[in-house]
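*Asks:* Sharing a structure below in structure tokens format, with a few things to ask.
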Amino acid sequence: MEWRRNQVLELSSKGLTQSDIARTLQVNVSTICRDIYFLTQQSKENIRKYIDERLPAEYERCLVGLTSILKEAWITASKTEDKREKLQALSLAKECYSMKLELLTNATVVDDAIRFVNERTTTKKDRDRPILTQEQELETTKQHNTY
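In the numbering used here, the protein residues as written are 3 to 149.
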């Protein structure tokens, strides 16, 4: 099944239709539909995990790394007597400032992405919650109030 799903992903990335993929792999189109649905859900989960778990740490590492490079560039620029080396160090410092500013400006994009993922997770939980009638909700409320 994993092999087939990998093939489905590869063939669909090459622009083949579900019917073409089914014909190529010699399986039913409904199987391909289920595989594509599975792959889509898996992709959504991978993106959610990346945004929620890895992106903030990667973001922080980049900022710390740029700060370290910036510090070294200023040390080099202040200690050297060679004009060419000084200009290169200052150019590197300028580039670091620019990159840090871009990262800091894009921090709102990262925050928005994390918030979006969290809201989608909460919304999905709410959607999956069973719908109660007014009588059931009243009964549930009474039970909670008695404890």
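We put the CB at the ideal spot given by N, CA and C, even for glycine.
#1: Using 8 Å as the threshold, is the segment 26–45 in touch with the segment 5–18, meaning 3 or more CB pairs across them?
#2: Anyone know if the C-beta pair for residue 105 and residue 65 falls short of 8 Å?
#3: For residue 35, which residues in the same chain have their Cβ closer than 8 Å to its Cβ, ignoring the five residues on either side in sequence?
#4: Have a look at residue 84 and residue 91 and give me their C-alpha separation to the nearest angstrom.
#5: For residue 14 versus residue 53, is the C-beta spacing smaller than 8 Å?
#6: Taking residue 117 as the reference, which of 68, 50, 75 has the closest Cα?
#7: When the distance is taken between beta carbons, is residue 82 closer than 8 Å to residue 73?
#8: What separation, rounded to the nearest whole angstrom, lies between the Cα atoms of residue 31 and residue 46?
#9: Mind checking residue 77: buried by the 16 CB within 10 Å criterion, or exposed?
#10: Starting from the C-beta of residue 120, find all residues in its chain whose C-beta is less than 8 Å away, skip the five residues before and the five after it, and write them out in chain order.
#11: Comparing C-alpha positions only, which one of 98, 86, 59 sits nearest to residue 71?
#12: Once DSSP output is grouped into helix, strand and coil, what is the label at residue 20?
*Replies:* From the atom records:
#1: yes
#2: Reading the sequence shown from its first residue, position 103 is the one you call residue 105. Reading the sequence shown from its first residue, position 63 is the one you call residue 65. Closer than 8 Å, so yes.
#3: In the sequence shown, residue 35 corresponds to position 33, counting from 1. Answer for residue 35: 20, listed in chain order.
#4: For the purposes of this step, residue 84 is identified with residue 82 of the sequence shown, where counting begins at 1. For the purposes of this step, residue 91 is identified with residue 89 of the sequence shown, where counting begins at 1. Answer to the nearest angstrom: the Cα atoms are 11 Å apart.
#5: On the sequence shown, residue 14 is found 12 positions in, with the first residue counted as 1. On the sequence shown, residue 53 is found 51 positions in, with the first residue counted as 1. No, these two residues do not count as a Cβ contact at 8 Å.
#6: Within the sequence shown, residue 117 is the residue found at index 115, counting from 1. For the residues 68, 50, 75, the minimum Cα distance to residue 117 belongs to 50.
#7: As a working note, residue 73 is residue 71 in the sequence shown. As a working note, residue 82 is residue 80 in the sequence shown. Their beta carbons are not under 8 Å apart, which means residue 73 does not touch residue 82 by this criterion.
#8: As a first step, residue 31 must be located in the sequence shown, where it is residue number 29. As a first step, residue 46 must be located in the sequence shown, where it is residue number 44. Approximately 23 Å, taken between the alpha carbons.
#9: For this step, residue 77 is matched to residue 75 along the sequence shown. Exposed, since its Cβ has fewer than 16 Cβ neighbours within 10 Å.
#10: By 1-based counting over the sequence shown, the position of residue 120 is 118. Contacts found: 54.
#11: Looking up residue 71 in the sequence shown gives position 69. Ranking 98, 86, 59 by Cα distance to residue 71 puts 98 first.
#12: Position 18 of the sequence shown, counted from the first residue, corresponds to residue 20. Three-state result, residue 20: helix.
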